[in-house]
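Going by the working numbering, the first residue of the sequence shown is number 2, and it counts up by one from there. As structure tokens, the structure follows; a few thoughts come after it.
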Amino acid sequence: MVKKAYSLETKLACIEMKKAGKSNKVIMETLGIKNVSQVKTWWRWYENDELHRFYQPVGKQYTYGKGLEQLSEVEQLCLQVELLKKYRSLIRKSIK
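Pasting the structure below:
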């Protein structure tokens with residue numbers, strides 16, 4: 002059995018399609034993903050704000066620093082901005 006490694010672009014496209022309301026089956030067919038659990042895993046990472054996981058290679062789990070030291074400062078700041086946007090939207094929803 003060979004592990005399939007998906008590019009960062011594929012992972013992010015999957016998340017965007019999922020946010021747009023596409024079904025897992027449509028996402029899998031469009032992006033060539035072979036297993037539905039992969040889509041669910043990526044979505045769970047997104048929902049839990051574990052965006053650093055999208056950047057780590059297959060079989061590499063980072064325990065210290067979550068692997069962000071390999072990212073440039075700009076990429077780290079982009080991840081922080083995305084996280085803050087998500088928190089802001091959650092706060093707005095909870096106020097309503």
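Here a beta-carbon is modelled for each residue, glycine too, at the ideal position from N, C-alpha and C.
Beta-carbon proximity check, residue i vs residue j, cutoff 7 Å
i, j, result
"PHE55", "LYS86", "no"
"ALA14", "VAL59", "no"
Pick from the options that is closest to residue i, judged by C-alpha positions
i, options, result
"HIS53", "ILE96, LYS20, SER73, ILE34", "SER73"
"LYS20", "ARG45, SER38, SER8", "ARG45"
Nearest-angstrom Cα separation, counted from residue j out to residue i
i, j, result
"GLN77", "LEU84", "11 Å"
"TRP43", "ARG89", "22 Å"
"GLY33", "LYS4", "14 Å"
"ILE28", "GLN57", "22 Å"
Boundaries of the alpha helix (DSSP H) in which residue i is found, first to last residue
i, result
"ILE92", "74-96"
"ASN38", "At residue 38 the sequence reads Ser, which differs from the Asn that was named. 37-48 is the span of the alpha helix (DSSP H), which, as asked, contains SER38."
"ILE16", "9-20"
Sequence-distant residues of its chain with Cβ nearer than 8 Å to residue i (five each side left out)
i, result
"LEU9", "PHE55, TYR56"
Beta-carbon proximity list for residue i, same chain, < 6 Å, skipping 5 on both sides
i, result
"ASN25", "VAL37, VAL40"
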